[in-house]
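Everything on this sheet refers to the single structure shown next.
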Amino acid sequence: MKIGIIGAGQLGQMLALAGFPFALQFRFLDSSPQAPGAQVAPIVIGAFDDIRALRELAGQVDLVTYEFENVPVAALQEMAATRPCFPPVDALRVSQDRILEKELFSRLGIPTPPYRAVDSRADLDAAVAALGLPCVLKTRRLGYDGRGQRVLKKRADVRPAWEALGGVPLILEGFVAFEHEVSIIGARSTRGEVRAYPLATNTHREGILRVTVAPTRNARLQRSAEGYLRRVIDHFGYAGVLTIEFFVAGGRLVANEMAPRVHNSGHWSIEGAVTSQFENHLRAILGLPLGDTSPVGHAAMVNYIGTLPDRDRILALPGAHHHDYGKAARAGRKLGHCTLVAPTAARRDEVLRRLLRRVPR
Ligand code: AMP
26 MKIGIIGAGQ LGQMLALAGF PFALQFRFLD SSPQAPGAQV APIVIGAFDD IRALRELAGQ
86 VDLVTYEFEN VPVAALQEMA ATRPCFPPVD ALRVSQDRIL EKELFSRLGI PTPPYRAVDS
146 RADLDAAVAA LGLPCVLKTR RLGYDGRGQR VLKKRADVRP AWEALGGVPL ILEGFVAFEH
206 EVSIIGARST RGEVRAYPLA TNTHREGILR VTVAPTRNAR LQRSAEGYLR RVIDHFGYAG
266 VLTIEFFVAG GRLVANEMAP RVHNSGHWSI EGAVTSQFEN HLRAILGLPL GDTSPVGHAA
326 MVNYIGTLPD RDRILALPGA HHHDYGKAAR AGRKLGHCTL VAPTAARRDE VLRRLLRRVP
386 R
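Start counting the sequence shown at 26; every next residue gets the next number (my numbering).
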């Protein structure tokens, strides 16, 4: 069985690695021959909307998936016409547009921050008046890792934010004074089996995920997140792994966004859960029984952003698993991560403090 993965970044690389024990073979599509996936499988070189390259990939594989949510919907539709393609194209379409995403959450009864669509400076002024300050201006499409957003704290922030982001469709969101951020990752198989991982607690800086801790022991939030995940999964007749990120504000979940793919906040599951998110994504799209999502201890994952740490010093920490994606260093770029697994939360937190001192920030 050959699986095509659109995108050969680290998520694609880790998906392929998870498929090797099942004797699965992989082909990627990516514009860069140096992408991390190149270490583990051949890459068809081409842009994500290059129809020739997409056809070439389709011709080489039995099934297609993607690791990157900015794949053009039309490109995926082209693939889906000739090969089974998961997760569903409609989930990709909704996840690409923050307004469609929030409209869907609202229709499904999932709380979101208050929001307004902004297409002009007049819309922005009206939206700021309606939502109040502080608030967050974001591009509706193609934003990731905090790119394409500005926090507006005072009236004087409105004009520079408009000058920086205006010209493309925007969304203004009320600023959520959250206690923490959490994410739920779950999978539905093509046979309809559903499993969810325990909630992960995520810390971002400058919009980029820095640290994930899992499991988050909060039975009430877990039940609520699983219920919301289930509604989205049922809505799309989903297959594959789905992630929803939430703010926890006033002890309740407020949905920020969803990703129809494996997610950085699930990397801990490689060593910290019985079955990783990557293996479960493959099981889900192949219609295999899903694996146990239980944690095997208490995990923490720290991203390496911009610079790699000294590998020997990381490996000297108890329960540390070092992942280097093989990427060229660049400011703000995710180059790798480390996952710690410990028998107790207290022990995990103690080693995490030492790990954080060894990772350049
Ligand atoms: P996003 O690209 O929407 O995931 O935003 C990146 C990060 O910015 C989030 O993980 C939050 O830490 C922060 N953020 C985004 N939207 C809001 C909001 N409406 N209120 C408060 N913080 C936000």
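All C-beta atoms, glycine included, are put in the ideal place defined by N, C-alpha and C.
Nearest-angstrom beta carbon gap, Phe73 and Pro97 [assumed within contact, 8 Å]
Separation of the CB atoms of Pro97 and Phe73 is rounded to 6 Å, and the pair is thereby assigned contact status at 8 Å.
Rounded C-alpha distance that separates Arg235 from Arg382:
13 Å
Validate contact between the stretch 72–91 and the stretch 137–146 using beta carbons, cut 8 Å, 3 pairs
no
Terminal residues of the alpha helix (DSSP H) in which Asp115 lies
114–120 is the extent of the alpha helix (DSSP H) around Asp115.
Lys359 to His347, Cα distance in whole Å?
13 Å
Integer Cβ distance of His306 from Ala212, believed to fall under 8 Å:
6 Å
Integer-rounded CB distance, given that Ala250 should sit under 8 Å from Phe272:
With 8 Å as the limit, Phe272 and Ala250 do not qualify as a contact, their Cβ atoms being about 12 Å apart.
Is any heavy atom of ligand 1 found at a distance shorter than 8 Å from the C-beta of Phe130?
No - ligand 1 has no heavy atom lying nearer than 8 Å to the Cβ of Phe130.
Which ranges does the beta strand (DSSP E) cover as unbroken runs of at least 3 residues, wholly within the stretch 146–173, from first to last along the chain?
160–164
Could you spell out where the alpha helix (DSSP H) holding Phe261 opens and where it closes?
244–261
DSSP bridge partner residues for Lys27 (one or two, in chain order)
Gln50
If you draw a straight line from the alpha carbon of Glu126 to that of Ala341, how long is it in whole angstroms?
Near 43 Å, if we compare the C-alpha coordinates of Ala341 and Glu126.
Tell me whether Glu251 counts as near ligand 1, meaning its Cβ is closer than 8 Å to at least one heavy atom of that ligand.
no
Helix, strand or coil at Gly361 according to DSSP, with G and I counted as helix:
strand
Beta-bridge pairing of Met283 - partner residues as DSSP gives them
Ile269
Just confirm the distance between the C-beta atoms of Ala280 and Pro113, as a whole number of angstroms; I'd bet it's less than 8 Å.
Not really, about 19 Å apart at Cβ, beyond 8 Å.
Alpha carbon to alpha carbon, how far is Trp187 from Pro385?
33 Å
Could you tell me the distance, in whole angstroms, from the CA atom of Ser11 to the CA atom of Glu92?
Here the chain has residues from 26 to 386 only, and residue 11 is not among them.
Measuring CA to CA, which of Val287, Arg378, Val86 is closest to Ile269?
The shortest Cα separation from Ile269 among Val287, Arg378, Val86 belongs to Val287.
Roughly how many whole angstroms lie between the Cα atoms of Tyr222 and Leu315?
12 Å
For Leu224 and Thr241, believed in contact at Cβ under 8 Å, the rounded distance:
4 Å
Could you check where the alpha helix (DSSP H) with Asn305 kicks off and where it finishes?
First-last of the alpha helix (DSSP H) with Asn305: 302–311.
How would you call Glu206, buried or exposed, if buried means at least 16 neighbouring beta carbons within 10 angstroms?
By the Cβ neighbour-count rule, Glu206 is buried, with 16 or more other Cβ atoms within 10 Å of its own.
Pair within 9 Å by beta-carbon distance, Ala43 and Phe303
yes
If you measure between the beta carbons of Phe51 and Gly29, is that distance less than 9 Å?
yes
Would you call the stretch 123–141 and the stretch 191–210 in contact, with 3 or more CB pairs under 8 Å?
Short answer: they touch.
Pull up the distance between the alpha-carbon of Arg216 and that of Gly37, whole angstroms please.
23 Å
So Val327 and Leu380 are supposed to be a Cβ contact under 8 Å. How far apart are they, rounded?
6 Å
Considering Cα atoms alone, identify which of Thr364, Val366, Lys352, Glu375 is closest to Pro58.
It is Lys352.
Can you list, in chain order, the stretches of the alpha helix (DSSP H) that have 4 or more residues and sit fully within the stretch 55–103?
76–85
When the Cα of Tyr350 is compared with those of Gly344, Leu333, Arg338, which residue comes out closest?
Leu333
Residues that Thr237 bridges to, as DSSP identifies them:
Partner(s): Asn227, Met326.
Distance, Cα to Cα, Arg256 vs Phe130?
Near 9 Å, if we compare the C-alpha coordinates of Phe130 and Arg256.
In the structure shown, what three-state DSSP assignment does Ala298 receive?
Correct three-state label for Ala298: strand.
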